[in-house]
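Numbering follows numbering that gives the first Met the number 0, with no gaps: position 309 of the sequence shown is 308. Note that CB positions come from ideal geometry on N, CA and C, so glycine has one too. Note that the coordinates shown come from a computational prediction; the quantities given were computed from them, not determined experimentally. Some notes on the structure that comes next.
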Amino acid sequence: MPESQSPCELDRARRVLVIKPSSLGDVIHTLPAVTMLHRHRPDLEIDWLVNTEWSPLLAGNPALSRVIPMPRRQWRGWRDLPKARRWAKDTLGSLQPDLVLDFQGLLRSALLAKASHAKGIVGFRRAREGASLFYDKKVEIDAWDSTHAVDRYLTMVGSVGVPVDPTPGADASELFPLPPGDPIELPDEFADRPFLLLHPFSRGRGKSMNFRETADFCREFHRASGLPVILVGAGVPWNSAAAELPEGVLDLLDQTSLTQLIWLMRRARFIVSVDSGPMHLAAALTGELLSLHTWTDPLMVGPWRKDAWVWRGDFLGRVGEVRPGQLPENRKDRDRFDGGIVTPENIKRLATFVANRSNE
Numbered sequence: 000m001p002e003s004q005s006p007c008e009l010d011r012a013r014r015v016l017v018i019k020p021s022s023l024g025d026v027i028h029t030l031p032a033v034t035m036l037h038r039h040r041p042d043l044e045i046d047w048l049v050n051t052e053w054s055p056l057l058a059g060n061p062a063l064s065r066v067i068p069m070p071r072r073q074w075r076g077w078r079d080l081p082k083a084r085r086w087a088k089d090t091l092g093s094l095q096p097d098l099v100l101d102f103q104g105l106l107r108s109a110l111l112a113k114a115s116h117a118k119g120i121v122g123f124r125r126a127r128e129g130a131s132l133f134y135d136k137k138v139e140i141d142a143w144d145s146t147h148a149v150d151r152y153l154t155m156v157g158s159v160g161v162p163v164d165p166t167p168g169a170d171a172s173e174l175f176p177l178p179p180g181d182p183i184e185l186p187d188e189f190a191d192r193p194f195l196l197l198h199p200f201s202r203g204r205g206k207s208m209n210f211r212e213t214a215d216f217c218r219e220f221h222r223a224s225g226l227p228v229i230l231v232g233a234g235v236p237w238n239s240a241a242a243e244l245p246e247g248v249l250d251l252l253d254q255t256s257l258t259q260l261i262w263l264m265r266r267a268r269f270i271v272s273v274d275s276g277p278m279h280l281a282a283a284l285t286g287e288l289l290s291l292h293t294w295t296d297p298l299m300v301g302p303w304r305k306d307a308w309v310w311r312g313d314f315l316g317r318v319g320e321v322r323p324g325q326l327p328e329n330r331k332d333r334d335r336f337d338g339g340i341v342t343p344e345n346i347k348r349l350a351t352f353v354a355n356r357s358n359e
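Written out as structure tokens, the structure is:
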């Protein structure tokens, strides 16, 4: 269809379906684009298709008319394909949105877009698995490999007429309308005091702190600041019950829900996290964050907001101080960091820095 006759015109739309099922970080990265879309067209009905486990992130979002949880974990490979197709037909078949924004960019998400019987589908030209073959409008991003995911998604809504001029500084949290979270009962010595929230694990290779690094960091921080540390994270790589953590540390590893994690992050004096989904959750909530990187480029996959802090090697500074190409991705280093990511010298340096930030 010629571009002049494209059905992907926002001014004619009344209903838009957003497709971004996963993952934790990617769902968070899509929030500013949807927020901008809503600001531009507050009359628009916006539905969001998201994996069930991440749907709590969208609870109470003022931009959304409806959240559509997708039970992705119930479908295992090709044998469950009929079940998935039946779900798509029953759930999406009657939607008939004017426009689908496929932020996911995979064959599966493109097929879900088609199942909705949309008038027009928008996606990235660089989408994988042939997904772009299903798009009525293909969004081109020239510097794809050096563009943060948040900016890619903003470019997509910009391509359909949404004015996009965000300033990811101190007010960046306004672009991420996350829920308040669910309270968790803390011991008295943690309940009424400022605390550091530490998230030391990642599913990615060469990104996680080991037990010694975690314990040493907590010890150095507590010694320098006098403040307690709350440990959070899932998939603990050591025996948490047998591990002896230093004084002033509350172990909540594998003990918090997603909404409880949000609640803790909102109350933390400062947050330290490895390169992971929870790091992006923290960056959506506050600039009082230090993101630890080993082989990844902080400008590409680190906190989007410019006032957050990042560390990699000898560099320790705000995101806004990192120059393009200064800390390029180096996948060859992944194996080198499998056993640990922070030297004893850097543990002391980082703990002292965070202690000073926490006591300001």
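Please return the same chain residues whose Cβ sits closer than 6 Å to the Cβ of residue i, not counting the five positions on each side in sequence.
i, result
"residue 218", "245"
"residue 178", "58 and 59"
"residue 351", "223"
"residue 68", "51 and 54"
To the nearest angstrom, report how far apart residue i and residue j are at their CA atoms.
i, j, result
"residue 140", "residue 208", "34 Å"
"residue 39", "residue 172", "18 Å"
"residue 346", "residue 76", "43 Å"
"residue 182", "residue 262", "6 Å"
"residue 203", "residue 232", "14 Å"
"residue 275", "residue 186", "27 Å"
"residue 297", "residue 335", "18 Å"
"residue 339", "residue 88", "47 Å"
"residue 348", "residue 24", "28 Å"
"residue 63", "residue 206", "34 Å"
"residue 93", "residue 116", "8 Å"
"residue 55", "residue 256", "10 Å"
"residue 300", "residue 189", "32 Å"
"residue 118", "residue 96", "7 Å"
"residue 355", "residue 258", "29 Å"
"residue 215", "residue 174", "36 Å"
"residue 10", "residue 162", "13 Å"
"residue 235", "residue 315", "27 Å"
"residue 111", "residue 333", "35 Å"
"residue 80", "residue 50", "16 Å"
"residue 313", "residue 342", "11 Å"
"residue 108", "residue 359", "46 Å"
"residue 277", "residue 22", "11 Å"
"residue 269", "residue 328", "26 Å"
"residue 129", "residue 238", "43 Å"
Between residue i and the rest of its own chain, which residues show a CB-CB distance below 7 Å, the 5 nearest in sequence each way excluded?
i, result
"residue 103", "18, 19 and 20"
"residue 32", "152, 153, 155 and 156"
"residue 286", "169, 304, 306 and 307"
"residue 45", "15, 17, 33, 36, 37, 62, 63 and 64"
"residue 251", "229, 230 and 231"
Just list the residues that DSSP pairs residue i with in beta bridges.
i, result
"residue 101", "18"
"residue 137", "122"
"residue 309", "290 and 316"
"residue 44", "14"
"residue 269", "195"
"residue 341", "BP columns for residue 341 are empty, so no partner."
"residue 355", "Looking at the DSSP assignment, residue 355 forms no beta bridge with any residue, so it has no partner."
"residue 50", "69"
Please list the terminal residues of the continuous alpha helix (DSSP H) segment that includes residue i.
i, result
"residue 257", "257-266"
"residue 251", "First-last for residue 251: undefined, no H or E at that position."
"residue 68", "Element bounds for residue 68: not the alpha helix (DSSP H) but the beta strand (DSSP E), 65-69."
"residue 300", "297-300"
"residue 333", "No alpha helix (DSSP H) holds residue 333; DSSP gives it neither H nor E."
"residue 111", "106-114"
"residue 214", "210-224"
"residue 200", "Premise fails: residue 200 is in no alpha helix (DSSP H) and is neither H nor E."
"residue 175", "Neither: residue 175 is in no alpha helix (DSSP H) and is coded neither H nor E."
"residue 276", "276-284"
"residue 74", "Here residue 74 belongs to no alpha helix (DSSP H), and DSSP marks it neither H nor E."
"residue 80", "80-91"
"residue 190", "187-190"
Among the residues of its own chain, which have a CB less than 8 Å from the CB of residue i, if the five just before and after it don't count?
i, result
"residue 61", "37 and 176"
"residue 0", "With a pLDDT of 41 at residue 0, under the threshold of 50, the predicted position of this residue should be treated as unreliable, though the coordinate-derived value follows. The answer, listed in chain order, is 6 and 135."
"residue 221", "227, 228, 245, 246, 247 and 248"
"residue 138", "121, 122, 123, 124, 154, 155 and 158"
"residue 127", "104, 105 and 106"
"residue 66", "46, 47, 49, 54, 57, 58 and 60"
"residue 330", "294"
Just curious, the beta strand (DSSP E) that residue i is in, first and last residue?
i, result
"residue 26", "Counting along the chain, residue 26 falls outside any beta strand (DSSP E), though it belongs to the alpha helix (DSSP H) covering 23-39."
"residue 156", "Taken as a continuous stretch (DSSP letters only), residue 156 belongs to no beta strand (DSSP E), being part of the alpha helix (DSSP H) at 148-158."
"residue 230", "228-230"
- Touch test, the region 290-297 against the region 247-256, Cβ-Cβ under 8 Å, three pairs minimum: Fewer than three pairs of CB atoms, one per stretch, sit closer than 8 Å, so the region 290-297 makes no contact with the region 247-256.
- Message: Does the structure place the region 141-155 close enough to the region 7-18 that three or more beta carbon pairs sit under 8 Å?
- Response: No, because fewer than three Cβ pairs between the region 7-18 and the region 141-155 fall closer than 8 Å, the two stretches do not touch.
- Query: Would the region 314-325 and the region 186-194 be scored as touching if the rule is three or more Cβ pairs under 8 Å?
  - Reply: The region 314-325, when compared against the region 186-194, does not touch it at the 8 Å Cβ threshold.
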